[in-house]
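Structure record follows, encoded as structure tokens.
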Amino acid sequence: MLTLPPHAAQRVGPDFSWSADPLDDANWRFQYHTLLWLDNLREYSSEIDSELGIALYERVLKDWIEKNSVDTPESDYAWFDMAVGVRAIVLIQALTVFGPADWLVNSLVVHGEHLADAANYEGKGNHSLHQDMGLIVVAQFLERNDWLELATQRILSMFKQAIDDQGVSREGSIDYQYRNYRWYEEAARRLKAAGVALPVAIESVLDRMPTFMAHATSPSTHYALIGDTLLHRAPIVSGTPTEWVKNKSNAPEERVALYEAGYLFARSSWDTWHETPATSYLTLRFGPGRSTAVHGHEDAGSITFDAHGERLLCDSGLYAYEAGAERLFFRGRSSHNVVDVPGRAYYPSAESPMIAHRISEDHVMATVQVRGLKGIVWHRTLLHSLKRGYILVDDRISGAEDSPTLQRWQLPPGAVTEANPAAGTCSVRTDRGNTMLFTALGNNPRVNLAYGQTEPMSGWRSDDYRNMYETPEITFELRGPSVRFSTLIQTTSSTDLNWIVCSAVERTSKLLRLSMAGHGWAEDVSLSSEGYTVTPTSSIQTA
1 MLTLPPHAAQ
11 RVGPDFSWSA
21 DPLDDANWRF
31 QYHTLLWLDN
41 LREYSSEIDS
51 ELGIALYERV
61 LKDWIEKNSV
71 DTPESDYAWF
81 DMAVGVRAIV
91 LIQALTVFGP
101 ADWLVNSLVV
111 HGEHLADAAN
121 YEGKGNHSLH
131 QDMGLIVVAQ
141 FLERNDWLEL
151 ATQRILSMFK
161 QAIDDQGVSR
171 EGSIDYQYRN
181 YRWYEEAARR
191 LKAAGVALPV
201 AIESVLDRMP
211 TFMAHATSPS
221 THYALIGDTL
231 LHRAPIVSGT
241 PTEWVKNKSN
251 APEERVALYE
261 AGYLFARSSW
271 DTWHETPATS
281 YLTLRFGPGR
291 STAVHGHEDA
301 GSITFDAHGE
311 RLLCDSGLYA
321 YEAGAERLFF
331 RGRSSHNVVD
341 VPGRAYYPSA
351 ESPMIAHRIS
361 EDHVMATVQV
371 RGLKGIVWHR
381 TLLHSLKRGY
391 ILVDDRISGA
401 EDSPTLQRWQ
411 LPPGAVTEAN
421 PAAGTCSVRT
431 DRGNTMLFTA
441 LGNNPRVNLA
451 YGQTEPMSGW
461 RSDDYRNMYE
471 TPEITFELRG
481 PSVRFSTLIQ
491 TTSSTDLNWI
501 VCSAVERTSK
511 LLRLSMAGHG
521 WAEDVSLSSE
531 GYTVTPTSSI
541 QTA
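Just so we're aligned, residue 1 is where the sequence shown starts under my numbering, counting upward by one.
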């Protein structure tokens with residue numbers, strides 16, 4: 001049985017077929033032809049001094065080489081870009097067992113020529129980086145300085161395109177931030193081992209990458225589920241701010257971080273939920289479109305929110321890399337906390353700039369302009385109180401004509417919803433006993449609920465690869481050429497049911513004003529697309 005995570009184990013031996021595709025999955029085929037799994041057999045067999053294991057390793061490795069020439073491979077993934085680079089390193093490791101055997105050296109020459117050929121090289125993304133890492137090790141062994149210089153030039157050029165000056169990957173995914181960090185660190189080590197001195201600027205940017213990863217880690221100690229990201233605990237990189245999950249003294253100084261690559265992170269404290277379950281964590285997406293973020297989603301303007309020990313406003317998850325209806329859904333607008341006009345095309349090249357933001361000790365305010373939907377201009381203004389926990393969302397949309405415009409909210413699995421149209425509210429109670437309250441301010445939009453719907457798809461989540469499950473989605477719906485959703489979102493734990501009371505709601509063309517009162521506090525709020533004011537008042541609830 002062969003296990004290629006995250007896929008289930010598959011029977012592929014003892015007579016290996018290199019056209020095997022038991023799951024009809026491109027990622028499985030890719031991993032199969034990297035032969036990394038075969039290198040694991042070499043390593044383990046060498047450790048326990050297993051002649052049988054080494055014999056099997058030799059048989060399978062030679063079989064792959066004999067049956068997968070560049071011109072007549074048995075699979076479309078045999079000479080797939082990244083697979084070739086990874087496999088070149090596997091072949092170098094084989095030298096520790098067989099020495100410079102002719103069949104092995106000849107294969108390394110073929111791999112080096114393929115990796116150096118510009119026709120096989122795109123020059124962007126982590127696939128090209130793996131090609132270059134393979135070329136480095138082959139160049140070292142074959143003493144091809146021209147190949148080493150080529151790989152070096154490619155990596156240095158690509159690094160500037162892949163990672164910005166703040167140390168953020170441009171791939172649009174939290175998982176791929178960590179992966180790019182790990183891959184470029186590996187590339188740096190391989191270049192240094194080959195005698196190449198890295199520019200100081202590149203080493204400085206690499207050093208900044210773990211700080212982003214720290215901010216992208218929820219109080220749950222999992223990554224925020226943004227872009228092509230699976231649900232898992234955030235890896236810890238020794239000696240970096242990612243160690244905050246074990247020791248808060250390692251945390252960044254700021255609780256709020258804004259990154260030009262399109263990420264806003266805000267938390268009430270650096271406590272984990274193990275320490276303080278009430279700790280809250282909010283994310284907001286903006287910035288470059290998916291066409292330049294290959295592992296990003298169509299999530300411009302999307303909000304996620306974690307508090308009281310669970311994810312409350314949820315992101316979609318990865319599901320799978322391969323095309324299909326499910327992939328389009330999990331990557332698309334319908335599975336995120338956004339404004340949507342069903343049926344309108346979305347332009348993945350569209351940028352969604354943050355046109356204003358204000359950050360203070362207690363509040364985070366931001367306005368994002370989204371033009372990705374054909375003919376639609378949407379401004380989302382957000383005000384989040386780090387102290388009180390509430391989220392004010394003011395969405396202004398033009399260009400929908402008479403099509404329904406939806407404000408989408410993705411909820412935790414098993415949550416029970418109850419709408420009160422007369423009051424303009426929708427309450428949500430989660431399986432864990434926490435409660436959310438959505439309050440429409442200034443109008444009463446229609447409230448819709450979807451749960452595991454298939455035509456069209458809505459109300460689904462994916463935490464693990466190729467696994468999806470039903471979850472509730474509520475949408476607020478308005479019609480008209482210009483519509484506006486002003487929504488107050490508040491959450492409470494199972495032990496605290498003190499709701500914020502709103503009054504004196506006023507909406508003008510530029511402002512949203514209201515008075516808010518909770519247990520022991522009251523304040524007047526004024527919010528525009530450019531800024532906000534919060535003024536404490538004396539109208540305080542006492543019960």
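Where is the CB? At the ideal position from N, CA and C, for every residue including glycine. Please read these numbers as outputs of a predicted model, since none were measured by experiment.
Rounded to the nearest angstrom, what separates residue i and residue j at their Cα positions?
{"i": "K374", "j": "V416", "result": "34 Å"}
{"i": "S107", "j": "I65", "result": "7 Å"}
{"i": "S334", "j": "P348", "result": "15 Å"}
{"i": "A78", "j": "A320", "result": "21 Å"}
{"i": "V341", "j": "D165", "result": "35 Å"}
{"i": "V525", "j": "T425", "result": "20 Å"}
{"i": "A543", "j": "L386", "result": "Any reading at A543 needs caution, since the residue's pLDDT is 43, under 50, leaving its predicted position unreliable; the model's value is listed next. Near 22 Å, if we compare the C-alpha coordinates of L386 and A543."}
{"i": "P14", "j": "A193", "result": "38 Å"}
{"i": "L441", "j": "N250", "result": "41 Å"}
{"i": "D25", "j": "F329", "result": "18 Å"}
{"i": "H336", "j": "L206", "result": "30 Å"}
{"i": "I174", "j": "H519", "result": "37 Å"}
{"i": "T272", "j": "S316", "result": "23 Å"}
{"i": "S220", "j": "L406", "result": "30 Å"}
{"i": "L392", "j": "A504", "result": "15 Å"}
{"i": "N126", "j": "Y223", "result": "20 Å"}
{"i": "P472", "j": "S398", "result": "27 Å"}
{"i": "V84", "j": "H114", "result": "8 Å"}
{"i": "R371", "j": "G227", "result": "19 Å"}
{"i": "N68", "j": "W18", "result": "8 Å"}
{"i": "E550", "j": "E322", "result": "The requested residue 550 does not occur in the structure, where the chain is confined to residues 1 to 543."}
{"i": "V245", "j": "M213", "result": "11 Å"}
{"i": "I438", "j": "Y390", "result": "Just to set this straight, residue 438 is Phe in the shown sequence, not Ile. If I take the Cα positions, the gap works out to 10 Å."}
{"i": "E143", "j": "G123", "result": "23 Å"}
{"i": "I474", "j": "N498", "result": "23 Å"}
{"i": "N420", "j": "I163", "result": "47 Å"}
{"i": "A294", "j": "P288", "result": "Position check: residue 294 holds Val in this sequence, whereas Ala was assumed. Answer to the nearest angstrom: the Cα atoms are 11 Å apart."}
{"i": "L38", "j": "L95", "result": "14 Å"}
{"i": "A119", "j": "I155", "result": "17 Å"}
{"i": "G172", "j": "V447", "result": "31 Å"}
{"i": "T211", "j": "G262", "result": "15 Å"}
{"i": "Y178", "j": "P456", "result": "34 Å"}
Measure the beta-carbon distance from residue i to residue j and round it to whole angstroms, keeping in mind my assumption that it falls under 8 Å.
{"i": "R461", "j": "C314", "result": "6 Å"}
{"i": "A266", "j": "R285", "result": "So it is not a contact: roughly 13 Å between Cβ atoms."}
{"i": "L36", "j": "V90", "result": "6 Å"}
{"i": "L264", "j": "A366", "result": "6 Å"}
{"i": "D81", "j": "Q131", "result": "6 Å"}
{"i": "P413", "j": "Y465", "result": "Not quite, the Cβ-Cβ distance comes to about 18 Å (not below 8 Å), so this is no contact."}
{"i": "L318", "j": "T454", "result": "Actually they are not in contact, since the Cβ atoms of L318 and T454 sit about 20 Å apart, beyond 8 Å."}
{"i": "D395", "j": "R484", "result": "7 Å"}
{"i": "V501", "j": "A517", "result": "5 Å"}
{"i": "D463", "j": "L231", "result": "4 Å"}
Does the beta-carbon of residue i have 16 or more other beta-carbons within 10 angstroms, so that it is buried, or is it exposed?
{"i": "L61", "result": "buried"}
{"i": "T537", "result": "exposed"}
{"i": "T558", "result": "Residue coverage of the chain in this structure runs from 1 to 543, which leaves residue 558 outside it and unanswerable."}
{"i": "M1", "result": "exposed"}
{"i": "V168", "result": "buried"}
{"i": "R290", "result": "buried"}
{"i": "E523", "result": "buried"}
{"i": "E298", "result": "buried"}
{"i": "Y44", "result": "exposed"}
{"i": "R479", "result": "exposed"}
{"i": "R59", "result": "exposed"}
{"i": "R331", "result": "buried"}
{"i": "T508", "result": "exposed"}
{"i": "E149", "result": "exposed"}
{"i": "W552", "result": "Outside the modelled stretch of the chain, which goes from 1 to 543, sits residue 552, for which no answer is possible."}
Any heavy atom of the ligand COA closer than 6 Å to the CB of residue i?
{"i": "E171", "result": "No copy of the ligand COA occurs in the structure displayed, which carries no ligand at all."}
Next on the checklist: Taking 8 Å as the cut-off, does the segment 3-15 touch the segment 25-44 (at least 3 CB pairs, one atom from each stretch)?
Outcome noted: yes
Checklist entry - Okay, do the segment 426-435 and the segment 308-319 touch, 3+ Cβ pairs below 8 Å being the bar? => result yes
Next on the checklist: Which runs of the alpha helix (DSSP H) at least 4 residues long sit entirely within the segment 115-158? Give them in chain order.
Outcome noted: 125-142
Next on the checklist: With three or more beta-carbon pairs closer than 8 Å as the criterion, would you say the segment 490-509 touches the segment 349-360?
Outcome noted: no
Checklist entry - Okay, do the segment 190-207 and the segment 129-149 touch, 3+ Cβ pairs below 8 Å being the bar? => result yes
Checklist entry - Could you give the uninterrupted runs of the beta strand (DSSP E) lying entirely in the segment 234-320, keeping only those of 3 residues or more? => result 256-259, 263-267, 281-285, 303-307, 310-313
Next on the checklist: Please give the ranges of any beta strand (DSSP E) in the segment 506-535, keeping only runs that are unbroken, at least 3 residues long and fully inside the region.
Outcome noted: 512-518, 521-527
Checklist entry - What are the complete beta strand (DSSP E) segments, minimum 3 residues, inside the segment 442-495? => result 446-451, 472-479, 482-492
Checklist entry - Residue ranges of each alpha helix (DSSP H) run of no fewer than 4 residues wholly in the segment 30-75, ordered along the chain? => result 36-48, 51-67
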